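Protein chains: 2
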Amino acid sequence: MAGVTLKTVAKAVGVSPSTVSNAYNKPDQLSTALRERILTTAQELGYAGPDASARALRSGKAGAVGVLFTDKLAYAFSDPYAVGFLAGLAEVAEEFSTSLLLMPLSSTDIAGGSNAVQQAAIDAAAIFCVPGGHPALEILANRGIPSVSTDRGDHPDLSWVAIDEVEAAAQLGEHLARLGHREVVVLVDNAGAAGGRPVELTLDEVGYTDCELRIRGLQKAMPDARLRIVSGGHNAIASGLRGAEYVLDSQDRPTAIVGLSDVQALGALEAMKVRGLTPGRDLSLAGFDDIPAAAAAGLTTVRQPIKDKGRAVGRILLDPATTERQLMMPTQLIVRSSSGPAPRH
Amino acid sequence: MAGVTLKTVAKAVGVSPSTVSNAYNKPDQLSTALRERILTTAQELGYAGPDASARALRSGKAGAVGVLFTDKLAYAFSDPYAVGFLAGLAEVAEEFSTSLLLMPLSSTDIAGGSNAVQQAAIDAAAIFCVPGGHPALEILANRGIPSVSTDRGDHPDLSWVAIDEVEAAAQLGEHLARLGHREVVVLVDNAGAAGGRPVELTLDEVGYTDCELRIRGLQKAMPDARLRIVSGGHNAIASGLRGAEYVLDSQDRPTAIVGLSDVQALGALEAMKVRGLTPGRDLSLAGFDDIPAAAAAGLTTVRQPIKDKGRAVGRILLDPATTERQLMMPTQLIVRSSSGPAPRH
DNA sequence: TCGTTTTTCTAGATCGATTTAGAAGAACGA
DNA sequence: TCGTTCTTCTAAATCGATCTAGAAAAACGA
Numbered sequence: 001m002a003g004v005t006l007k008t009v010a011k012a013v014g015v016s017p018s019t020v021s022n023a024y025n026k027p028d029q030l031s032t033a034l035r036e037r038i039l040t041t042a043q044e045l046g047y048a049g050p051d052a053s054a055r056a057l058r059s060g061k062a063g064a065v066g067v068l069f070t071d072k073l074a075y076a077f078s079d080p081y082a083v084g085f086l087a088g089l090a091e092v093a094e095e096f097s098t099s100l101l102l103m104p105l106s107s108t109d110i111a112g113g114s115n116a117v118q119q120a121a122i123d124a125a126a127i128f129c130v131p132g133g134h135p136a137l138e139i140l141a142n143r144g145i146p147s148v149s150t151d152r153g154d155h156p157d158l159s160w161v162a163i164d165e166v167e168a169a170a171q172l173g174e175h176l177a178r179l180g181h182r183e184v185v186v187l188v189d190n191a192g193a194a195g196g197r198p199v200e201l202t203l204d205e206v207g208y209t210d211c212e213l214r215i216r217g218l219q220k221a222m223p224d225a226r227l228r229i230v231s232g233g234h235n236a237i238a239s240g241l242r243g244a245e246y247v248l249d250s251q252d253r254p255t256a257i258v259g260l261s262d263v264q265a266l267g268a269l270e271a272m273k274v275r276g277l278t279p280g281r282d283l284s285l286a287g288f289d290d291i292p293a294a295a296a297a298g299l300t301t302v303r304q305p306i307k308d309k310g311r312a313v314g315r316i317l318l319d320p321a322t323t324e325r326q327l328m329m330p331t332q333l334i335v336r337s338s339s340g341p342a343p344r345h
Numbered sequence: 346m347a348g349v350t351l352k353t354v355a356k357a358v359g360v361s362p363s364t365v366s367n368a369y370n371k372p373d374q375l376s377t378a379l380r381e382r383i384l385t386t387a388q389e390l391g392y393a394g395p396d397a398s399a400r401a402l403r404s405g406k407a408g409a410v411g412v413l414f415t416d417k418l419a420y421a422f423s424d425p426y427a428v429g430f431l432a433g434l435a436e437v438a439e440e441f442s443t444s445l446l447l448m449p450l451s452s453t454d455i456a457g458g459s460n461a462v463q464q465a466a467i468d469a470a471a472i473f474c475v476p477g478g479h480p481a482l483e484i485l486a487n488r489g490i491p492s493v494s495t496d497r498g499d500h501p502d503l504s505w506v507a508i509d510e511v512e513a514a515a516q517l518g519e520h521l522a523r524l525g526h527r528e529v530v531v532l533v534d535n536a537g538a539a540g541g542r543p544v545e546l547t548l549d550e551v552g553y554t555d556c557e558l559r560i561r562g563l564q565k566a567m568p569d570a571r572l573r574i575v576s577g578g579h580n581a582i583a584s585g586l587r588g589a590e591y592v593l594d595s596q597d598r599p600t601a602i603v604g605l606s607d608v609q610a611l612g613a614l615e616a617m618k619v620r621g622l623t624p625g626r627d628l629s630l631a632g633f634d635d636i637p638a639a640a641a642a643g644l645t646t647v648r649q650p651i652k653d654k655g656r657a658v659g660r661i662l663l664d665p666a667t668t669e670r671q672l673m674m675p676t677q678l679i680v681r682s683s684s685g686p687a688p689r690h
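Protein sequence lines, in the order shown, are assigned to chains A and B. For the first sequence, counting from 1, position 46 maps to 46 in my numbering; every step adds exactly one. For my numbering, count along the second sequence from 1 and bump the result up by 345.
Here is the structure:
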């Protein structure tokens, strides 16, 4: 049963291995009759078709694109924003009959050879919100794997599909400033705070480039405001909840909370509800991304075309017709009921 | 730059290729000094570590688990239920430093060798709601790849993690029957109706095993009711919306609509809202899965532990300590405001 | 009919590692 | 001091295909 290879089939049919290979990969290189005969015999022998690894080795094509996520792989699915990206990417991958390889970014043994990014059989990689300088990025670069990032890179030969984080955040900041907010808390994700108690960070301690840029954008637009940075853990509703609890239960309540992602903001929304606070009246709340749930919750947010982002990344990775390798996507401030004038004392 | 292999490094250091290989994979098989020297030289030469495909070929381990989805790959991400499954699976995969390979199920060239399922370099596969008899399943079986399905299989040697679909649906059916509903429309996903107009189906035409079983469960619990089966396309909110529109705008309105997934039901909810119908009063609505949005929408539904399902599948695939290869997960009827007594005429 | 093109098929090298069995030298016990 | 066991390293086979160049046979044109 096992151990049936191209050779076995070739011997059984009485042709060369090359011919059997051609029967599978280049049907027009041999007569229909012979091809038929080969395929039939293969089936009879229980041959399952050319071995994937062997083919990948020899042909140099793995037929898969890798996807690299910020946090733990499982967390990626807790943010509809990340899921939307995947959906867009998957759409293009499907078009090119390419699989998506989601790689865990577990930090163990990055130096040695036994980590997923090192072992992954992929032709290219999409890098989703991975902080620059992460060891996994270096591995990819070393392996010579073409990559596209969702963060704007410094080098001119890097490929990316991004938004103008600073400008997008500034739009939101202007909106809040105009409403009179001077005391603002920003909720960020931070692996360090995961599981533990919420932490207050300085701008330098904010690891992720995009988060940092957004905070800069807010600062730029609201120079008179006091911005505090708080994290309740990784990017998830529960973290936003924890972070907001910490802030709301302290003596030093802000007049506005900005989640750097909608899931963070939705977590904060829950914390407000529990405390009987009405968003937009007692305290303003805003998010980032405009995931579907944001509309339902009446959350003011900055919309970014996430599915298009995924599609664009996919095209750069897979479609040879795509020449533009650095793409700035548009964003849009969506004002809903969760933001309102700062209450006067 | 390119073309640096184990051999190159070996030659440069002046050792055999085996030793270089050991430096990466079996550190205790050589002296620390030599290992150090090899790794340094490798870096200098720009060697990126053992080639993934070659390693996979020789060692017979790909370091990845395949995931097979019902519909188009991109659709998988439109249902939080599927995403929850992925999250659970990813959790376990991460634990075992294994990647997840999402394979598109594009129907093209199933017979030939050039489809993703055939080409995928995977050690095992998770099969999520793929209808039995699908060609891709046969390919996996042929390739001898151990698989676990989310649908209960017939053969005793198949592995699966499932729920008692019939019983789960029967619970919901009883609930509706008790409320006096006799005219029920079931919304199912159906690839055939995708993009086009909603279609009305017979039970035989319902492709997916789990959908069919659920309908049987409903029938069993409400033998006096008239059950109509309608599909607005694949499994997504938009399809539920279309299907419900078709039903609500016809002469023959039911007293209850059951979506065989929550996303279908949420689509129907939108259709009702637009028409000024209050769920639970004017018309009852129920779903399946209990995704997070269901609670927010007040949707009566059947909860299944989807993340646990993903975890369990992952364990069977990856954890050698797991012996139970057929798992029935519990379900629970969650009654919310969307279901109420059938209106009398 | 004969040379030319096209179709059909093959031999052998190669992709880049891992594995097995065993050699050479060092350390060890008596 | 001599045989034995460990440690450290290597030679050669192997994983299972695909590719390149070219041979043999068939079809074609004049």
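Where a beta carbon is used, it is the ideal one built from N, C-alpha and C, also for glycine. Only a predicted model underlies this, so the values are computations on that prediction, with no experimental measurement involved.
**Request:** Excluding the 5 residues preceding and the 5 following residue 298 (chain A) in the sequence, name in chain order all residues of the same chain whose CB lies nearer than 7 Å to its CB.
**Result:** 336, 337, 338
**Request:** Starting from the beta carbon of residue 448 (chain B), find every residue of chain A whose beta carbon is closer than 7 Å, and list them in chain order.
**Result:** 99
**Asked** Does residue 55 (chain A) get closer than 8 Å to chain B when you measure Cβ to Cβ?
**Response** yes
**Request:** Compute the distance between the beta-carbons of residue 664 (chain B) and residue 647 (chain B), then report whether it is under 8 Å.
**Result:** no
**Request:** Would you give the residue range spanned by the alpha helix (DSSP H) that residue 661 (chain B) belongs to?
**Result:** 651-663
**Request:** In the DSSP assignment, find the unbroken alpha helix (DSSP H) run with residue 587 (chain B) in it and report its ends.
**Result:** 582-593
**Prompt:** Which of the three DSSP states, helix, strand or coil, is assigned to residue 386 (chain B)?
**Reply:** helix
**Message:** For the stretch 373-392 of chain B against the stretch 38-47 of chain A, do three or more pairs of beta-carbon atoms, one drawn from each stretch, fall closer than 8 Å, so that the two count as touching?
**Reply:** no
**Delimiting residues of the alpha helix (DSSP H) encompassing residue 547 (chain B)** = From DSSP, residue 547 (chain B) is part of no alpha helix (DSSP H); its letter is neither H nor E.
**Prompt:** How big is the Cα-Cα spacing for residue 94 (chain A) and residue 322 (chain A)?
**Reply:** 17 Å
**Message:** Just to confirm my understanding: we take residue 564 (chain B), look at its own chain, exclude 5 residues before and 5 after, and list those with CB closer than 7 Å. What are they?
**Reply:** 572
**Request:** Please determine, among B:534, B:593, B:599, the residue with the shortest C-alpha to C-alpha distance to residue 557 (chain B).
**Result:** B:534
**Item:** Whole-Å CB distance - residue 267 (chain A) paired with residue 237 (chain A), under 8 Å assumed
**Value:** 4 Å
**Request:** Could you please tell me which residues of the stretch 140-171 of chain A, in chain order, have their CB closer than 8 Å to any CB of chain B?
**Result:** 142, 143, 144
**Request:** Please check if any C-beta of chain A sits within less than 8 Å of the C-beta of residue 611 (chain B).
**Result:** no
**Segment limits, beta strand (DSSP E) that includes residue 272 (chain A)** = Segment 262-274 is the alpha helix (DSSP H) holding residue 272 (chain A); no beta strand (DSSP E) there.
**Message:** Using a Cβ-Cβ distance cut-off of 8 Å, determine whether residue 356 (chain A) contacts chain B.
**Reply:** Outside the displayed span of chain A (1 to 345) sits residue 356 (chain A), for which this structure offers no information.
**Prompt:** Touching or not, the stretch 16-31 of chain A and the stretch 60-67 of chain A, by the rule of three or more beta carbon pairs under 8 Å?
**Reply:** no
**Prompt:** DSSP on residue 28 (chain A), reduced to helix/strand/coil?
**Reply:** helix
**Request:** Please state whether DSSP places residue 680 (chain B) in a helix, a strand or coil.
**Result:** coil
**Message:** Please list, in chain order, the chain B residues whose beta carbon lies closer than 8 Å to that of residue 173 (chain A).
**Reply:** Within 8 Å Cβ-Cβ: nothing; residue 173 (chain A) doesn't reach chain B, min ~29 Å.
**Item:** Inter-residue Cα distance where the pair is residue 106 (chain A) and residue 158 (chain A)
**Value:** 24 Å
**Request:** Taking only beta-carbon positions, decide if residue 428 (chain B) is within less than 8 Å of chain A.
**Result:** yes
**Message:** Whole angstroms are fine: how far does the CA of residue 293 (chain A) sit from the CA of residue 620 (chain B)?
**Reply:** 22 Å
**Prompt:** With a CB to CB cut of under 6 Å and the five nearest residues on each side skipped, what residues in its chain are close to residue 305 (chain A)?
**Reply:** 329
**residue 183 (chain A) - partner residues in DSSP beta bridges** = A:226
**Message:** Under DSSP, the beta strand (DSSP E) around residue 492 (chain B) begins and ends at which residues?
**Reply:** 492-494
**Asked** Closest by CA to residue 249 (chain A), which one among A:176, A:325, A:198, A:91?
**Response** A:198
**Request:** Mind reading off the beta-carbon distance from residue 287 (chain A) to residue 265 (chain A)? Whole number of angstroms is fine, and I expect it under 8 Å.
**Result:** 3 Å
**Request:** Look at residue 136 (chain A) and residue 130 (chain A) and say whether their C-beta atoms are less than 8 Å apart.
**Result:** yes
**Asked** Using DSSP with H/G/I as helix, E/B as strand and the rest coil, what is residue 365 (chain B)?
**Response** helix
**Request:** Spatial neighbours of residue 424 (chain B) within its chain, please: CB distance less than 6 Å, with the 5 preceding and 5 following residues excluded, ordered by chain position.
**Result:** 580, 608
**Request:** At 7 Å on the CB atoms, spell out the chain A contacts of residue 417 (chain B), in chain order.
**Result:** 94
**Request:** List the endpoints of the continuous beta strand (DSSP E) containing residue 647 (chain B).
**Result:** 646-648
**Request:** Mark residue 307 (chain A) as exposed unless 16 or more other C-beta atoms lie within 10 angstroms of its C-beta, in which case mark it buried.
**Result:** buried
**Prompt:** Counting along the chain, where does the beta strand (DSSP E) carrying residue 414 (chain B) start and finish?
**Reply:** 409-414
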